[in-house]
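There are 4 protein chains.
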Amino acid sequence: MTNPVLKALGRPFRLGIIGGAPPSMIGPVHRVAATMDQRFALVAGMLSSRAERSRTEGLAIGLPEARCYGSVEEFIAKERARDDGVEALAIITPNDSHAPYLKLALAAGLDVMIEKPLCNELGEALELRDLAISSGCAVAVTHTYSGYPMVREMRARCLAGEIGALRLVQIEYLAGGLATAVELDADADLRWRLKPERSGPSLVLGDIGTHAHHLVSFVTGQPFERVSADVGTMVPGRKVHDIAQVRFRLADGTRGQLEVSNAAAGMSNHVRLRVYGEKGHMEWQHGRHNELAIASLDGEVRTISGGQPMLTTDAQHSSRLMRPGHPEGLQEAVANLYCGLADMMLLRRNCATSGGSMLVPTIDDGVAGLAFVTACLESSKRDGSVVRLAN
Amino acid sequence: MTNPVLKALGRPFRLGIIGGAPPSMIGPVHRVAATMDQRFALVAGMLSSRAERSRTEGLAIGLPEARCYGSVEEFIAKERARDDGVEALAIITPNDSHAPYLKLALAAGLDVMIEKPLCNELGEALELRDLAISSGCAVAVTHTYSGYPMVREMRARCLAGEIGALRLVQIEYLAGGLATAVELDADADLRWRLKPERSGPSLVLGDIGTHAHHLVSFVTGQPFERVSADVGTMVPGRKVHDIAQVRFRLADGTRGQLEVSNAAAGMSNHVRLRVYGEKGHMEWQHGRHNELAIASLDGEVRTISGGQPMLTTDAQHSSRLMRPGHPEGLQEAVANLYCGLADMMLLRRNCATSGGSMLVPTIDDGVAGLAFVTACLESSKRDGSVVRLAN
Amino acid sequence: MTNPVLKALGRPFRLGIIGGAPPSMIGPVHRVAATMDQRFALVAGMLSSRAERSRTEGLAIGLPEARCYGSVEEFIAKERARDDGVEALAIITPNDSHAPYLKLALAAGLDVMIEKPLCNELGEALELRDLAISSGCAVAVTHTYSGYPMVREMRARCLAGEIGALRLVQIEYLAGGLATAVELDADADLRWRLKPERSGPSLVLGDIGTHAHHLVSFVTGQPFERVSADVGTMVPGRKVHDIAQVRFRLADGTRGQLEVSNAAAGMSNHVRLRVYGEKGHMEWQHGRHNELAIASLDGEVRTISGGQPMLTTDAQHSSRLMRPGHPEGLQEAVANLYCGLADMMLLRRNCATSGGSMLVPTIDDGVAGLAFVTACLESSKRDGSVVRLAN
Amino acid sequence: MTNPVLKALGRPFRLGIIGGAPPSMIGPVHRVAATMDQRFALVAGMLSSRAERSRTEGLAIGLPEARCYGSVEEFIAKERARDDGVEALAIITPNDSHAPYLKLALAAGLDVMIEKPLCNELGEALELRDLAISSGCAVAVTHTYSGYPMVREMRARCLAGEIGALRLVQIEYLAGGLATAVELDADADLRWRLKPERSGPSLVLGDIGTHAHHLVSFVTGQPFERVSADVGTMVPGRKVHDIAQVRFRLADGTRGQLEVSNAAAGMSNHVRLRVYGEKGHMEWQHGRHNELAIASLDGEVRTISGGQPMLTTDAQHSSRLMRPGHPEGLQEAVANLYCGLADMMLLRRNCATSGGSMLVPTIDDGVAGLAFVTACLESSKRDGSVVRLAN
């Protein structure tokens, strides 16, 4: 793969990161993913909102002391004052800080990678979208699963009509981290999630429901039209939602079923998507993310895998190990999103790109996620009544 | 395995069969299953409701010409007149004939194996149950999946509390036979199903929804309490239902999700049941019916298989090939139901049994299935509103 | 499926059985399999070589007391004296009795189903073949795996050239029943196997090695040409072989690898066959016997399953449940061999058959198995030197 | 994970790379892997042996022009002249250049990561080992598979006696890249492999056979003692080996079977290792590298996965994504080897390490690989006679 950033600029984009100190799992993932293809170089950071900790953890990952900041305001001010200041910001902090940090970044004209959910309220999301548009900044949202090559393959085949008109979608995202009453002894990374004021109006919907929602729209090319949902709590005494069961219709009338829980005992971040059409169906699951199964009407199932020659260019361009049987993982999926962000940034700068920008989730996807969360909560409050999504 | 029927009577029970001429798939299955363990001997039949065809097809499976009948009335009258007349009847005809044939059988004091759904209307089902009770006859309903050894293993472990208090159930039954507009050129076995007046108010719910419903209650030991359903049609122009998406709560409050379709392109009679509790979950799927997967809280998955020494007696007694790695199939599952019916018949006759009678679906399960269908249809008509099941 | 036996004779062939009293696993299997398609009716038996036990066990499976015999000589004499005497004999006794019993059967003009291995010595096998030829009797050998529909599918596709010229074969048959020193407390069914004078010169080769050998030749259509083998014992103190590792070449030069053990701890009758050609490979495994995987050069894997419409007639005709997703098992595989035997018997009697006779393993396959065992033992004695098979 | 290099030095080790220009697949893998954990920074390179190409490709991956070299001699001389010259060298060039380049590196006192096979001849390997010892330099060999967390888990459990005394090992490494006569139109990366003078005396053994050999010894802790091999060519007209079938015994007497081919049509870098002991067996396969299956004597199979809490520290420390269900891939496996090399380098410098040095393949493993290749070739020449490995 040629590297369009190096080609255009002669150097990677300069990236700063907000959040991701231990025990965050996604901190190291973002750092590896952003730099894997040399489209970004990590040059500054505020790993923690506590200044001393930010300094220590920044040094521990090799940042220069002078560029380990204690607040976002300081971060932006000092970086703007440098000739070699950051051009982009990765925001991977708790949900309630997404909106304020994103506003600061956009005001400073920085391009942004932001973790999902975009924010905690739909109104706020719409406001952020307006700010992004007026700023002209590129904003990518970390809907990781859309970065896997075989998910992109599924999308490409679905949109090309390989299984004909769509009829049914099934998605489930089941994790087990909250299957027990971890409320009392959660580590820091979990603790903020268990506080509704930080994680938002519905932990399960914000945390993984928006992933499932995005994955469906990404693969089918269809926005959600309406939902009937039951959102609640399975573990006794819990104050946040840990289960959502949602029936939905897409804009083209396709029926669907979405089930997400982070209290599904024994499940390890299991995501499975099936899309049925007139002529067959396709299935992808996270546990075997390098594979895509395509079933024909007569029940024959073809399994294709990452790196094989029959893949579409969307999948080929999303893979570093160009031969079959050489597994990639989550870090490469996130790296693909960073490549997309870099391509968006090149577009802004009128440079040629690799074309990946069209596949990266943007702030529009972030807004759609909040509209989905909002509609599900309203439906659930009304005992499962059908609710249309706001546009 | 000792054979309690041979032990008690010195001979198998005498069985007659109603229905099952080609191209019926279940005709041969019932005949092999009923006789596999020598608890029944097939001695008479009305394979078709057309007399000449009934004779030809009866001869083709080795029945004596004199016991190939052209109507149920003739069947019962002539068999009652014999010293060696049938003791039990298998009714495997189209759905709309279940109720009238069952009434005739009960009136004649015959024990019965009847295909699901018990009948087409809840009111009729309740009436049949009353008749069964007053007649004292044994009635088993062919909910095949509950006959698989590893489903029985799953039930035994679930009821023994292996995964703790239940939290969530997911069941899907997806078949592809109706994925295309087969209405015009369906074979005889399919043709009657496509006529609502024959297959009942909801093809998909009667045909496979009742299987899914029974499987959930069988394994969890819990009746359904309420449902929110969307029942409809995916293939354009179709007059019968081919999809049902149902959220439910069991009597103990456990949440659940049931999705059934016979228009899921590329699916081959796929049934998958997952039950989640406090301490882990269990999963069974039809495509690997000899296996049961048990996941613990930490994500470790144990897979146990038919014939292995750690199985419960419920599974051990439901298996003929007592060593692991020797696969059984659908016919053995149905044979297990016939063993249960034979045990019910022995109980009536005050003979000792093998204990299988407690596992065989009875007319109560048939009634519960109709209550489920009825509630789903009502909920769907009311746009997914929650509906409680009639008791 | 039409039943050619019923069509030709108006009744099933009359079958007697030698062996199969509890705790034999294959006793019930043969009885169910033989009668499943009504091509045979079980009318007489010598379930044990002890007369009293033979009577008790015969009664327990429903045989008339008068036809429960205490010796094969008595069996044959008394049955020959009847108008309705047996026409065929199933010999499922310990290995060392195969040859004498088969001789008696052939001398009486009876057609035979005999368990593998045909006998314990190659010289004896050749003699038995001569006797069979001169008697004109049909002899089928129970190489069960060749009865599975998807194995027959694999053979049909392999012979039709779907993967081009063959290059490599891998077969493994791994079981765990002898993984521990079961010698002291083995049940009756296992006990005789652990005595070399009963089970033959190499337990593992006779018991499962001949299955693996036959499966390779059956699917590829190629006899074995030469072997290099290491045959031995893994469990300390054991007197019989429990492991054989064999490299081989087929007649057309195809390379191969065969590994069989019944002391592979944790394995449950695992059989896996892969055949590679110029254009791809095919894989079948017993644990998913209803599936066949076909990989193309680019790594795409197609999985086809029992009952699907694209199957060859060999597979279609070997399946009772003609729709996909309805699993069959071991009993049906053995039943397919009995159908083949019945077809051979019809051929002898100049009656039309279903064509299955060409797929059933015959005494020639039994002889080839002994030639394989003999060559492997000689190679192993000579430290793995290459040994050609006797013809 | 703390980063012991950053902790000890305050900066990553400086790394140079020899080889890896497009279309090399392993070039990008080594570059990402080496820098992923910030234990190395890539500062100089000779990506191609043609100076102009080395410059172009070096720039394309972001190296400064002054440190893109045209020969290894120039590379080493110029880097030694710098204060900030490279401390370690990654040699990922064609096989025939391994020995000369490694000699230059050792002479310059550089620590080395070198691709397998260590070199093409056993005598040369022994000489290289002597040079490495006398130089004191750390040498790691890229036996990638030993870097996967679940392979390390398998080793830890095997050495801890979880399945008791070993009895049998099965390994297969099957790839399909050479299944057709690619000789004429191979790309550059493949072309040199097809020339025996470059790829060594046996392509298949050097390329993937040494991987399989190392994996067995790594997991069991046992060196190979003797082999019986058939090494040859399946594709007509080919001048290099593409298949090797090897029976072996380990030092403790454990039997084994190794089968490797890069002409197995339809296979995508499939590696599967099974180790059987008295109490069960364990299985790992590359296609599901995040899983380890452990079967007990009774046939129950436990599947454990990367990130789960019950893993040993060897696996825990080899994983970046510390929660289950977050897949890693090949790059992380190679990164684990680089961490091991960094630990070896810290040890040399009397710094504390993370302990990973004990798991990284060293030059001793490289030598053992060559001894294995040599013994197999000799055995094959002598028609499969048993040959002991040189020590």
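Residue numbers (full-length UniProt numbering), protein chains in the order written: chain A, 1 to 391; chain B, 1 to 391; chain C, 1 to 391; chain D, 1 to 391. By construction, the Cβ of each residue, glycine as well, lies at the ideal position given by its N, Cα and C atoms.
(message) So the candidates are B:Glu259, B:Gln170, B:Gly161; which of them puts its Cα closest to the Cα of B:Val275?
(response) As a position in the second sequence, residue 275 of chain B is number 275, starting the count at 1. It is B:Gln170 whose Cα lies nearest to the Cα of B:Val275.
(request) Kindly list, in the order they appear in chain B, the residues whose Cβ is closer than 7 Å to that of D:Ser202. (result) If you number the fourth sequence from 1, residue 202 of chain D lands on position 202. Around D:Ser202, no beta-carbon contact reaches into chain B at under 7 Å, the shortest distance being about 38 Å.
(request) Spell out whether any CB of chain D is found under 7 Å from the CB atom of C:Ala167. (result) For this step, residue 167 of chain C is matched to residue 167 along the third sequence. It is worth fixing the name first, because residue 167 of chain C is Arg in this sequence and not Ala. True, the Cβ-Cβ gap to chain D drops below 7 Å.
(request) Run through the region 160-228 of chain A for me and flag every whole beta strand (DSSP E) of 3 or more residues, listed as ranges in chain order. (result) 166-174
(message) Between C:Ala265 and D:His270, how many whole angstroms is the CB-CB distance? I'm expecting something under 8 Å.
(response) Here residue 265 of chain C is taken as the residue at index 265 of the third sequence, counted from 1. Here residue 270 of chain D is taken as the residue at index 270 of the fourth sequence, counted from 1. That pair is no contact at about 24 Å.
(request) Would you check if the distance between the CB atom of B:Arg55 and the CB atom of B:Leu42 is smaller than 7 Å? (result) Taking the second sequence and counting its residues from 1, one reaches residue 55 of chain B at position 55. Taking the second sequence and counting its residues from 1, one reaches residue 42 of chain B at position 42. No.
(request) Tell whether a beta-carbon distance below 7 Å holds between C:Arg198 and C:Pro117. (result) For the purposes of this step, residue 198 of chain C is taken as the residue at position 198 of the third sequence. For the purposes of this step, residue 117 of chain C is taken as the residue at position 117 of the third sequence. Cβ atoms of C:Arg198 and C:Pro117: not closer than 7 Å.
(request) Just the C-alpha distance for C:Ser318 and C:Lys7, rounded to the nearest angstrom, thanks. (result) For the purposes of this step, residue 318 of chain C is taken as the residue at position 318 of the third sequence. For the purposes of this step, residue 7 of chain C is taken as the residue at position 7 of the third sequence. One C-alpha to the other measures close to 18 Å.
(request) Reducing DSSP to helix, strand and coil, say where C:Val360 ends up. (result) Taking the first residue of the third sequence as 1, we reach residue 360 of chain C at position 360. Three-state result, C:Val360: coil.
(message) Checking the sheet assignment: what are the DSSP bridge partners for B:Cys158?
(response) Residue 158 of chain B sits at position 158 when you count from the first residue of the second sequence. The partner list for B:Cys158 (beta bridge, DSSP) is empty, contrary to what the question assumes.
(message) Please tell me whether A:Gly209 and A:Val260 are closer than 7 Å, where the distance is taken between their beta carbons.
(response) Looking up residue 209 of chain A in the first sequence gives position 209. Looking up residue 260 of chain A in the first sequence gives position 260. Their beta carbons are under 7 Å apart, which means A:Gly209 touches A:Val260 by this criterion.
(request) Have a look at A:Arg193, A:Pro324, A:Leu15, A:Ile294 and flag the residue whose alpha-carbon is nearest the alpha-carbon of A:Ile76. (result) For the purposes of this step, residue 76 of chain A is taken as residue 76 along the first sequence, with counting starting at 1. Among A:Arg193, A:Pro324, A:Leu15, A:Ile294, the Cα nearest to that of A:Ile76 is on A:Leu15.
(message) Let me see if you follow: with CB-CB separation under 7 Å, is D:Leu6 close to chain A or not?
(response) By one-based count along the fourth sequence, residue 6 of chain D stands at place 6. Answer yes: the Cβ-Cβ gap between D:Leu6 and chain A drops below 7 Å somewhere.
(request) Please say whether B:Ala99 and B:Glu74 have beta carbons closer to each other than 7 Å? (result) Stepping through the second sequence from its first residue, residue 74 of chain B is reached at position 74. Stepping through the second sequence from its first residue, residue 99 of chain B is reached at position 99. Contact flag unset, no.
(request) Could you work out which residue in B:Cys376, B:Asp130, B:Leu106, B:Arg11 is closest to B:Ser228 when comparing CA atoms only? (result) As a working note, residue 228 of chain B is residue 228 in the second sequence. The residue with the shortest Cα to Cα distance from B:Ser228 is B:Cys376.
(request) Could you confirm whether any beta carbon from chain D is found closer than 7 Å to the beta carbon of C:Leu190? (result) For this step, residue 190 of chain C is matched to residue 190 along the third sequence. Answer no: the Cβ-Cβ gap between C:Leu190 and chain D never drops below 7 Å.
(request) With distances taken Cα to Cα, identify the nearest neighbour of C:Cys119 among C:Asp111, C:Arg129, C:Leu110. (result) For the purposes of this step, residue 119 of chain C is identified with residue 119 of the third sequence, where counting begins at 1. Considering only alpha carbons, the answer is C:Arg129.
(message) Just to confirm the assignment, what range does the beta strand (DSSP E) spanning C:Thr303 have?
(response) The count along the third sequence starts at 1 and reaches residue 303 of chain C at position 303. Taken as a continuous stretch (DSSP letters only), the beta strand (DSSP E) holding C:Thr303 covers 301-305.
(request) Following the continuous alpha helix (DSSP H) through C:Val316, name the residue where it begins and the one where it ends. (result) As a position in the third sequence, residue 316 of chain C is number 316, starting the count at 1. The sequence shown places Gln at residue 316 of chain C, rather than the Val named in the question. It spans 313-316 - the alpha helix (DSSP H) in which C:Gln316 sits, taken as one unbroken run.
(request) Output the boundary residues of the beta strand (DSSP E) element that contains A:Tyr276. (result) Locating residue 276 of chain A in the first sequence gives position 276, where the first residue counts as 1. Note, A:Tyr276: beta strand (DSSP E), 270-277.
(message) Using a 10 Å radius around the Cβ and a threshold of 16 neighbouring Cβ atoms, would you call B:Ile133 buried or exposed?
(response) Looking up residue 133 of chain B in the second sequence gives position 133. Result: exposed.
(request) Could you name the residues of the same chain whose beta carbon sits closer than 6 Å to that of A:Glu283, not counting the 5 residues immediately before and after it, in chain order? (result) Numbered from its first residue, the first sequence carries residue 283 of chain A at position 283. Arg274, Ala293, listed in sequence order.
(request) Reducing DSSP to helix, strand and coil, say where A:Arg247 ends up. (result) As a first step, residue 247 of chain A is located in the first sequence; it is residue number 247 there, counting from the start. Three-state DSSP puts A:Arg247 in a strand.
(request) Run down chain A in chain order and give the residues with a C-beta less than 9 Å from the C-beta of B:Ile243. (result) The residue labelled residue 243 of chain B in the question sits at position 243 within the second sequence. Close partners of B:Ile243 in chain A (Cβ separation under 9 Å): Arg167, Leu168, Arg255.
(message) For residue 417 of chain D, would you say it is in contact with chain C, using Cβ-to-Cβ distances shorter than 7 Å as the test?
(response) Any answer about residue 417 of chain D is impossible in this case: the structure gives chain D only from 1 up to 391.
(message) Quick check on residue 392 of chain D: does DSSP put it in helix, strand or coil?
(response) Chain D is shown from 1 up to 391; residue 392 of chain D falls before or after that span and cannot be answered.
(message) Check whether chain B comes within 7 Å of D:Pro149, counting only Cβ atoms and requiring the distance to be less than that.
(response) Indexing the fourth sequence from 1 puts residue 149 of chain D at position 149. Chain B contact via Cβ: absent.
(request) Using the Cα positions of A:Asp383 and B:Asp383, report the straight-line distance between them to the nearest angstrom. (result) Within the first sequence, numbered from 1, the residue matching residue 383 of chain A stands at position 383. Within the second sequence, numbered from 1, the residue matching residue 383 of chain B stands at position 383. Whole-angstrom Cα-Cα distance: 11 Å.
(request) Assign A:Arg82 to one of three DSSP states: helix, strand, or coil. (result) Against the first sequence, residue 82 of chain A aligns to sequence position 82. Here A:Arg82 sits in coil by DSSP.
(request) Rank D:Leu47, D:Ala368, D:Ser305 by C-alpha distance to the C-alpha of D:Phe224 and give the top, closest one. (result) Looking up residue 224 of chain D in the fourth sequence gives position 224. Answer by Cα proximity: D:Ala368.
(message) Rounded to the nearest angstrom, what separates B:Leu194 and B:Lys239 at their Cα positions?
(response) Indexing the second sequence from 1 puts residue 194 of chain B at position 194. Indexing the second sequence from 1 puts residue 239 of chain B at position 239. So the alpha carbons of these two residues sit roughly 7 Å apart.
(request) Grab me the residues of D:Gly177's own chain with a C-beta within less than 6 Å of its C-beta, minus the 5 sequence neighbours each way, in chain order. (result) Taking the first residue of the fourth sequence as 1, we reach residue 177 of chain D at position 177. So the qualifying residues of the chain are Asn262.
(request) Give the residues of chain A in contact with B:Thr93, contact being defined as C-beta atoms less than 7 Å apart. (result) As a working note, residue 93 of chain B is residue 93 in the second sequence. Here the premise fails: no neighbours, minimum Cβ distance about 28 Å.
(message) DSSP three-state label for B:Asp230, please.
(response) Sequence index remark: in the second sequence, residue 230 of chain B carries index 230 (1-based). Residue state, collapsed to three classes: strand.
(message) Given a cut-off of 7 Å on the beta-carbon distance, is the pair C:Arg272 and C:Glu172 in contact?
(response) One-based indexing of the third sequence puts residue 272 of chain C at position 272. One-based indexing of the third sequence puts residue 172 of chain C at position 172. Cβ atoms of C:Arg272 and C:Glu172: closer than 7 Å.
(message) How far does the alpha helix (DSSP H) with B:Ala390 in it extend, from its first residue to its last?
(response) As a working mapping, residue 390 of chain B is identified with position 390 in the second sequence. B:Ala390 -> no alpha helix (DSSP H), and no H or E assigned at all.
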